Amino acid sequence: MQSWQWGPLVVPFTLLPWLAGLLVAWGVARWRCKRAGEHGATDVESTLFMAVLAGILAGRAGFVLRQLEAFDGNLLSMLDIRDGGLWWPAALVGGIAVLLLVPGLRRRAVRHDRAWVAATGLGVALSVMAGLAMQAPERPMLPAVTLERLSGQPAPLSVSAPTVINVWATWCPHCHRSMPAFIAFQAAHPEVRLVMVNQGESAAQVRGYMTRHGLSFDQLLLDPEARLSQALNSRGVPLTLVVSAEGEIVAAHTGGISLARLRELLRALPDTR
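Positions 0 to 272 (numbering that gives the first Met the number 0) are the ones given, in order, by the sequence shown.
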């Protein structure tokens, strides 16, 4: 399973540990503030959110610097965090720096409160991450499913080279926003096979969409019965998978994506580490 869904909300599993850690850290911050009362309050709750903001900014900055060429000087793309591009080492350094540098650390109560918040937040995040890792194989194999070509002919989904697979639909705004990234990726990385898998729609719908928007992909398959998503136990679109030549799913991303994020995912391939 690549994501958790609650009604219309789809949350990638890679984000769940950090959301859980933040929620617990916020609860501990509230508890410590109430415990301090009017006398000796340390404002740890506001410091926590300053640390989270600093972590996001530092993580995004680290990601942009690592993939600077892919942004081609586009400042808006650099700032657009909807692609999920964050470099976690920089994010952690940014958050911890705020906890250490915001005035007040010389007071014992402040040190204790910030230590409680940081320790519980990170502890919960790492625990959830470990639990999710134990529930699924480290590297699941790409399921053996048979899809369709636009002509209606069956097309078994198999790989013999590094492959990026994107599961998408014409009605999905995040899918549409990601199309330029896949067009650019297809042109820039001919060594990686790109397979675009439309979910739940007819050949006529897909052809019309491609024609209206002037799009063209070398490998375009149909999955009218959503067999691939069912086999992956994933409901959200768009879903992007990076698959090794041996058929192992080495990286996954749920939601809109940029060229920079695609290139970052490629680092998970054995020959690019």
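For glycine and all other residues, C-beta sits at the position ideal for the given N, C-alpha and C.
These numbers come from a predicted model, not from an experiment.
Where residue i sits in the DSSP three-state scheme
i	result
TRP167	strand
THR253	strand
ARG234	coil
ARG266	coil
THR13	coil
SER228	helix
LEU22	helix
LEU214	coil
Proximal residues to residue i (C-beta, below 6 Å), its chain only, five neighbours per side dropped
i	result
VAL63	MET77
VAL158	VAL242 and GLY246
ARG81	GLY255
LEU240	ILE164, ILE248 and ALA251
LEU149	ALA202
LEU220	LEU146, ALA154 and VAL196
Residues bridged to residue i (per DSSP)
i	result
ASN197	TRP167 and LEU221
ILE248	VAL242
ARG206	For ARG206, which the question treats as bridged, DSSP gives no partner whatsoever.
ARG353	For residue 353 there is no data in the structure shown, the boundaries of the chain being 0 and 272.
Chain-order list of residues whose beta-carbon lies under 8 Å from that of residue i (same chain, five-residue window excluded)
i	result
ALA53	GLY93, GLY94, ALA96 and VAL97
ALA183	LEU258
ALA61	It should be pointed out that residue 61 corresponds to Gly in this sequence rather than to Ala. Once the five neighbours on either side are set aside, the close Cβ partners of GLY61 are LEU85, TRP86, PRO88, ALA89 and ALA90.
GLU263	PHE62, ARG65, GLN66 and GLY84
Own chain, CB closer than 7 Å to residue i, minus 5 neighbours either side, in chain order
i	result
THR119	VAL23, ALA24 and VAL27
TRP115	VAL27 and ARG31
LEU21	VAL51 and GLY120
ALA180	ILE256, SER257, LEU258 and LEU261
ALA124	PRO16, TRP17, ALA19 and GLY20
GLN218	ARG192, LEU193, VAL194 and MET195
HIS38	Confidence is the limiting factor: at HIS38 the pLDDT is only 48, short of 50, which leaves the residue's position unreliable, though a coordinate-based value still follows. Closer than 7 Å at the Cβ level, and outside the excluded window around HIS38, lies no residue.
CB-CB length for residue i against residue j, believed under 8 Å
i	j	result
PRO142	LEU231	7 Å
In chain order, which continuous runs of the beta strand (DSSP E) of length 3 or greater are located wholly inside the segment 126-186?
-> 145-147, 153-155 and 162-167
At which residue ranges does the segment 29-112 contain complete alpha helix (DSSP H) runs of 4 or more residues, listed in the order of the chain?
-> 43-65, 67-70, 74-78 and 87-100
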